[in-house]
Amino acid sequence: GVKSYYRWKGKTEVDSEIQLLIKTQRARFEELEAWIRANHPYEVPEIVALAADRVSESYLRWALEETS
Numbered sequence: 007g008v009k010s011y012y013r014w015k016g017k018t019e020v021d022s023e024i025q026l027l028i029k030t031q032r033a034r035f036e037e038l039e040a041w042i043r044a045n046h047p048y049e050v051p052e053i054v055a056l057a058a059d060r061v062s063e064s065y066l067r068w069a070l071e072e073t074s
């Protein structure tokens, strides 16, 4: 878990949360984002895409196979 400090509706909030990292292909981001928005309990869930600009070839091959 992580402790999050943020502003929400004019107030400073502090909450314990669980950070989830989901690995997928860039082409599937919109589909994944829509699924998260439809299923997440937060009004504004944190959805951030981090581009992998350097990846080992063996890991990249595995990731592409598993997310196709």
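Position one of the sequence shown corresponds to residue 7 (the working numbering), numbered consecutively onward.
All C-beta atoms in this analysis are idealised placements derived from N, C-alpha and C, irrespective of residue type, glycine included.
Source: prediction; values computed, not measured.
Same chain, Cβ closer than 7 Å to residue i, neighbours up to 5 away in sequence not counted
{"i": "ILE42", "result": "PRO51, ILE53"}
{"i": "ASP21", "result": "SER10"}
Sequence-distant residues of its chain with Cβ nearer than 6 Å to residue i (five each side left out)
{"i": "GLU23", "result": "VAL8, SER10"}
Among the options, the one whose alpha carbon lies nearest that of residue i
{"i": "LYS15", "options": "GLU39, GLU49, TRP68", "result": "GLU49"}
{"i": "SER74", "options": "GLN31, THR18, LYS17", "result": "GLN31"}
{"i": "LEU27", "options": "ALA55, SER62, HIS46, GLU36", "result": "ALA55"}
{"i": "HIS46", "options": "LEU66, GLN25, SER64", "result": "GLN25"}
Sequence-distant residues of its chain with Cβ nearer than 8 Å to residue i (five each side left out)
{"i": "GLU39", "result": "ILE53"}
Below-7 Å beta-carbon distance, residue i vs any chain B residue
{"i": "ARG34", "result": "Included in the structure is just one protein chain, with no chain B present."}
Anticipated Cβ contact below 8 Å, residue i with residue j, distance rounded
{"i": "LYS29", "j": "ALA57", "result": "That belief does not hold up - the Cβ atoms of LYS29 and ALA57 are roughly 12 Å apart, past 8 Å."}
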